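> Can you read through this structure? Questions will come right after.
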Amino acid sequence: MVTFTARRSEPEMLPPARATPRETKSLSDLDDQRTLRYYETVIGFFRSNALPGRPDDPVKAIRAALMEALVYYYPIAGRLREDGAGRLVVDCTADGMVFVEAYVDARLEEFGEPLLPPYPCVEELLCHVGDTRAVVGKPLLFMQVTRLKCGGFVLGFHICHNLADGFGMAQFIKAVSDIARGEAAPTILPVWERELLTARSLLPITRLYPAHEQQANGSGSTARDMMLSVPPQSMVAKYFLFGPREVSALRDRIPAGHPARSATIYEPGQRVRLVRETKRGMTKERMESMVETVALLREWPPSTMDRIYEVSDVRWMAVNVLNFGWADLAGGGIPLAGDLTSKLGSDHMWCRNENGEVSTVVSMLLPREAMDRFTEEIAVWLSHKDDEKNLGIMSSL
4 MVTFTARRSE PEMLPPARAT PRETKSLSDL DDQRTLRYYE TVIGFFRSNA LPGRPDDPVK
64 AIRAALMEAL VYYYPIAGRL REDGAGRLVV DCTADGMVFV EAYVDARLEE FGEPLLPPYP
124 CVEELLCHVG DTRAVVGKPL LFMQVTRLKC GGFVLGFHIC HNLADGFGMA QFIKAVSDIA
184 RGEAAPTILP VWERELLTAR SLLPITRLYP AHEQQANGSG STARDMMLSV PPQSMVAKYF
244 LFGPREVSAL RDRIPAGHPA RSATIYEPGQ RVRLVRETKR GMTKERMESM VETVALLREW
304 PPSTMDRIYE VSDVRWMAVN VLNFGWADLA GGGIPLAGDL TSKLGSDHMW CRNENGEVST
364 VVSMLLPREA MDRFTEEIAV WLSHKDDEKN LGIMSSL
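Quick note: the sequence shown uses our numbering, first residue 4, plus one each step.
Written out as structure tokens, the structure is:
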């Protein structure tokens, strides 16, 4: 793979293109969580095409579109602060976001064909954000747009997770691409209304649903668990590629009618979260109860990593949505395997395999011993008589 050093401009503060409301907005109780006080990192690779309307300089076009998009998404140009009760609020000050333009002497195809993580020199495609766990009083969005030798570009950014989840991030970047394509305004306008997910009070919960009762009863096995004893910083990152052929191989290994064809089977005696049953049984009352519970939990000590491994499926969050017109999304997603500062996790991201088929690349972060065993197990499940290839991709991060 290619190696390079980016030539960066000095960071500049981009304000909204026009005057915006000066006000303070509250976050919802789902947003205002200690575990969300960090900057999520996203990267996207774009290929230039020959369609009409291509600007002479895509980076300058994106810069102008960002300023215009901030008129509609003006809280992103503000700053977070804590009120007297320790809750986060957004002061809409129009101070702006951080923007860096850069250039690397590399073509898009040099990043790998197919384009898959780990991406080479990924740190050169992202601007410096400082402490990713410190979000109060700082810009809420840091973005670097990097020109490539072939005319394409890379869009890399860090955004405060309290302010936006994956869908919110995609919606904002879609607004930027809409305007850069020539639209007069974003095709989807933002709606704040976070009071809909704010608790009416912090009264004690009077009724526990089964999922909550299960969580409250006991702490599970106390046997030695390497997932608890090995710190995330000492774990190994790896990526696994699943195309149509691999998914078919996995399904063929499961007997017809077996419960594992539609649900995950855990070891006997292990605590599980019945996600599917909870989703099917969701009501307005239960949603309100969930919001009240989350609000109450804010006052408790933060949760530990006791058998928590978060899986995020972000495959379709931005695909076929980011339409610059003169540039096509070639790949990208979450460039880091697990958030080393807060949790263990796995991201499922959209990609194309070497045959050009729509596929899924899965990041994993595990202790080395566990990763070796997991890799061997996956290789067995994916093995074919004519192909014993291991589809894991070691991370260089």
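Positions of the beta carbon are idealized from the N, C-alpha and C atoms, including for glycine. Since this is a predicted model, take the numbers as computed values, not measurements.
(1) Where does V62 sit, in a helix, a strand or coil, going by DSSP?
(2) By DSSP, does S29 sit in helix, in strand, or in coil?
(3) Is DSSP giving K177 helix, strand or coil here?
(4) If we call anything under 8 Å between Cβ atoms a contact, is W329 one with L54?
(5) Tell me, which residues are paired with I257 by DSSP?
(6) Since K241 and T378 are thought to touch, with beta carbons under 8 Å apart, how far apart are those beta carbons, to the nearest angstrom?
(7) Quick one: is G334 buried, meaning 16 or more other Cβ sit within 10 Å of its Cβ, or exposed?
(8) Considering only the beta carbon of each residue, do V93 and T27 sit closer than 8 Å?
(9) Taking the alpha helix (DSSP H) that R136 falls in, what are its first and last residues?
(10) Please report the residue range of the alpha helix (DSSP H) in which M374 lies.
(11) Measure the alpha-carbon distance for L39 versus D134 and round it to whole angstroms.
(12) Kindly say whether E126, judged by its beta-carbon, lies nearer than 8 Å to any beta-carbon of chain D.
(13) Would you say the region 122 to 139 touches the region 348 to 355, given that touching needs at least three Cβ pairs under 8 Å?
(14) Do you know offhand how far V250's Cα is from A373's?
(15) Does the region 70 to 84 come close enough to the region 151 to 166 to have 3 or more Cβ pairs within less than 8 Å?
(16) In this structure, how does DSSP classify M100 when only helix, strand and coil are distinguished?
(17) When the Cα of F243 is compared with those of M367, V278, P18, G89, which residue comes out closest?
(18) What is the residue span of the beta strand (DSSP E) that R84 lies within?
Inspection of the coordinates gives the following:
(1) helix
(2) strand
(3) helix
(4) yes
(5) For I257, which the question treats as bridged, DSSP gives no partner whatsoever.
(6) 7 Å
(7) buried
(8) yes
(9) Counting along the chain, R136 falls outside any alpha helix (DSSP H), and DSSP gives it neither H nor E.
(10) 371 to 385
(11) 14 Å
(12) Of the chains in the structure shown, none is chain D; there is only one protein chain.
(13) no
(14) 22 Å
(15) yes
(16) strand
(17) M367
(18) 82 to 85
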